[in-house]
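One structure is given here, and the rest of the page talks about it.
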Amino acid sequence: MENWEKLRLEMLEKINAVRNEKEMEQLRVEILGKKGVIQGYMSRMRELSPEERKEFGKSVNELKNSVETYMKTVHAKLKEAALEEAIKREKIDLTLEGVKPYNGSLHPLDLVQQEIEDIFVSMGYSVVTGPEVEINLYNFERANTPAGHPARAMQDTFFIDEDRLMRTQTTAVQMRALEKYHDHLPIKIICPGKVYRRDDDDATHSHQFSQIEGLVVAEHITLGDLKGTLELMCRRMFGEEQTIRFRPSYFPFTEPSVEVDVSCPFCHGKGCNVCKGSGWIEILGAGMVHPKVLSAAGIDPEKYTGFAFGVGVERIAMLRYGVDDIRDFFQNDVRFLSEFNREE
Ligand SMILES: [Zn+2]
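In my numbering, the protein residues as written are 1 to 344.
Given below as structure tokens:
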């Protein structure tokens, strides 16, 4: 006869050695399956006498029940352990800081340009743009700078061919507007855009930069209108306490011409590094539109007058944001550009 208790203990030991659910299933088939060990004993019952069969069958059943029960208990524990393992592995730490998505931001030059545009649009100006590849007529001749004029040499020009060039000033857009609207006066426009000069790039010069020029032509326009307009712009840009001053200057397309200084927004006129101790910062050029420019566009200079001004966007942005190298605006370093996100 079999030693049932020994057999039972051996099987329990095997069950104890199982490490996971998969091994448990293999062992279950091995012991309890249709071709398993228990079934093997069952099939031997036929060979026994009826008396032996009764005793034998009872023992096999007891063995089967015991093993099956123990297997279920161990299986449940394995299942629980596997679940705990999975929870540990897939655990989400809700206290971790999230990863912020990167939002692009407007370029600092665009921010300044938009700000200046907003100021003038609020005063009834229209925004007008024109081509960056210009012809001599609009870039120079209409602006009272005929061939041979010394002012042409002052602006080192990128020529494409004899007549076409990369515009050196947004004045070209003004000249186109004067021609187009000469019989629809008054004109009240600002012209933002990129201009190009054959400069060697350094901390304060760039072969490409941006201007915003303004032009007003109507009856009875005076230098006082120009001063009031620019003063308002400076106060909106740099603060209500700002004042401006005019210094005489020369541009071929304005007469008289002036350089415009704004009181230093950093030291309020006391003198500092930025204004080099003077208390004033030069920010733009301006003047009354030259009568020759008006008549070249078909406007009667006896009846109409006008003023014009041009501001460098980089110059304003450098003052505004404390940037000391103009090249920073063009190198597209995200670390630099992301400093100017208006939403933060
Ligand atoms: Zn200063």
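For glycine and all other residues, C-beta sits at the position ideal for the given N, C-alpha and C.
Cβ-heavy atom distance, residue i to ligand 1, below 8 Å
| i | result |
| --- | --- |
| Gly239 | no |
| Gly279 | yes |
| Cys234 | no |
| Val262 | no |
| Gly271 | yes |
| Val323 | no |
| Phe140 | no |
| Phe266 | yes |
| Val274 | yes |
DSSP state of residue i mapped onto helix, strand, coil
| i | result |
| --- | --- |
| Ile160 | coil |
| Glu344 | Model confidence at Glu344 stands at a pLDDT of 42, short of 50, so the residue's coordinates are unreliable; what they give is reported in the following sentence. Reduced to three states, the DSSP call for Glu344 is coil. |
| Ile15 | helix |
| Leu323 | Just to set this straight, residue 323 is Val in the shown sequence, not Leu. Coil, per DSSP. |
| Val289 | strand |
| Asp110 | helix |
| Met175 | helix |
| Phe309 | strand |
| Phe251 | strand |
| Ser122 | coil |
| Val128 | coil |
One or two residues paired with residue i in a DSSP bridge
| i | result |
| --- | --- |
| Pro192 | Ile212 |
| Asp261 | Arg245 and Glu282 |
| Ile187 | Val217 |
| Met24 | None, per the DSSP bridge assignment. |
| Val135 | The sequence as given places Ile at residue 135; Val does not occur at that position. DSSP, once it has assigned bridges, lists Arg164 as partnering Ile135. |
So, do the region 60-79 and the region 4-23 have three or more beta carbon pairs nearer to each other than 8 Å? They touch, by the three-pair rule.
Three or more C-beta pairs below 8 Å linking the region 289-300 and the region 264-279: They do not touch, by the three-pair rule.
Touching by the beta-carbon criterion (3+ pairs, under 8 Å), the region 125-137 and the region 184-203: By the C-beta criterion, the region 125-137 is judged to be in contact with the region 184-203, since at least 3 inter-stretch pairs fall below 8 Å.
Is there contact here, the region 236-250 with the region 296-313, by at least three beta-carbon pairs under 8 Å? Output reads no: the region 296-313 does not touch the region 236-250.
Is it a yes or a no for the region 136-147 touching the region 278-293, going by three-plus beta-carbon pairs under 8 Å? Yes, the region 136-147 touches the region 278-293.
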